[in-house]
Each structure stands twice: as structure tokens, then as C-alpha cells.
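Be aware that the sequence shown starts at 51, since it is given in this note's numbering, and climbs by one per residue. For reference, the structure is listed below as C-alpha cells.
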Amino acid sequence: MTTDSDIELSGPFQAKDANGRNLDVKSIRIFDEGYGIIDVYVKFKDRLDPGAYKDSVLVRAIIDRLRAVGYKGPDFGHSDPGLQESRLIVLEAPEEFAPFAKSKGWKNLAEDFDE
51 MTTDSDIELS GPFQAKDANG RNLDVKSIRI FDEGYGIIDV YVKFKDRLDP GAYKDSVLVR
111 AIIDRLRAVG YKGPDFGHSD PGLQESRLIV LEAPEEFAPF AKSKGWKNLA EDFDE
């Protein structure tokens with residue numbers, strides 16, 4: 051996932067999983083525009099164990115990284131299980147994530163329809 055429509059929120063870092071392993075994260079990205087709900091794409095260097103997107107320790111490490119780069123808000127969890135891949139975890143951000151995303155250049159397309 052690297053296109054002209056991506057916004058990188060974080061570059062490489064390491065995150066621990068529930069088994070205590072350090073996993074190499076390549077990046078955390080979002081698409082540059084959307085309709086309210088923001089999916090957060092976390093790309094890993096190596097293949098993940100099946101179901102890694104449900105690993106609460108790993109998800110906490112990812113959210114901690116987002117907080118380290120400026121996100122202030124509640125925790126969030128994984129997106130649709132069908133979006134998960136062998137080297138990618140997709141998280142679904144809450145509404146409180148939108149101001150942070152906007153500060154990074156994200157555009158809420160739904161606002162075009164507000165009166």
C-alpha cells in the first residue's frame with residue numbers, strides 16, 4: 051500500500067505482540083480522503099500469524115505509536131476481518147481520530163454535503 055493517495059502517519063518502528071515478539075512495522079498510513087470512517091493501514095515487514103489483527107497487545111502498541119505522533123483520543127480496534135492480509139492489519143478509527151487525520155492532510159468528503 052503506497053500510492054499518491056496515501057498519507058503516512060508513521061514510518062518504521064517495532065511493536066511487540068502478545069507472545070513478546072518484536073515485529074517490524076514498515077508504516078502506518080491512511081487514504082487522503084474518505085467519508086467519515088477512517089481505516090488505518092499498518093504494513094509489516096514480515097508475514098504475521100493468522101489472526102494477528104485480534105492481538106490486543108499488538109493493537110495497543112500500534113495505538114501507542116499513533117499517540118506518540120500526535121493522536122489524542124480513545125483506543126480503537128480492527129476493521130473488517132476481510133480487509134486483513136498476511137503483512138497488513140487494518141484498524142477502524144473512531145470519530146475522534148478525524149481531527150488528527152485532518153491535521154495530517156486527510157479530507158472528509160462527507161463535509162462537502164453538509165449544509
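We put the beta carbon where it would ideally sit given N, CA and C, even for glycine.
Close beta carbons around residue i, own chain, < 8 Å, minus the five adjacent residues each side
| i | result |
| --- | --- |
| glycine 127 | Val109, Leu141 and Glu142 |
| aspartate 96 | Leu73, Asp74 and Arg137 |
Check whether residue i and residue j have beta carbons under 7 Å apart
| i | j | result |
| --- | --- | --- |
| isoleucine 139 | valine 92 | yes |
| isoleucine 87 | isoleucine 80 | no |
| arginine 115 | phenylalanine 63 | yes |
| alanine 65 | alanine 111 | yes |
| glycine 82 | leucine 73 | It should be noted that the sequence gives aspartate, not glycine, for residue 82. Not in contact: aspartate 82 and leucine 73 (Cβ atoms no closer than 7 Å). |
In DSSP terms, what residue i is bridged to
| i | result |
| --- | --- |
| valine 90 | Leu141 |
Residues of its chain near residue i, where Cβ-Cβ distance is below 6 Å and the 5 sequence neighbours each way are ignored
| i | result |
| --- | --- |
| tyrosine 85 | Leu159 and Ala160 |
Cβ distance (whole Å) where residue i is taken to contact residue j below 8 Å
| i | j | result |
| --- | --- | --- |
| glycine 123 | glutamate 146 | 4 Å |
Three-state secondary structure assigned by DSSP to residue i
| i | result |
| --- | --- |
| leucine 159 | helix |
| threonine 52 | In this predicted model, threonine 52 has a pLDDT of only 48, less than 50, meaning its place in the structure is not dependable enough to derive any value. |
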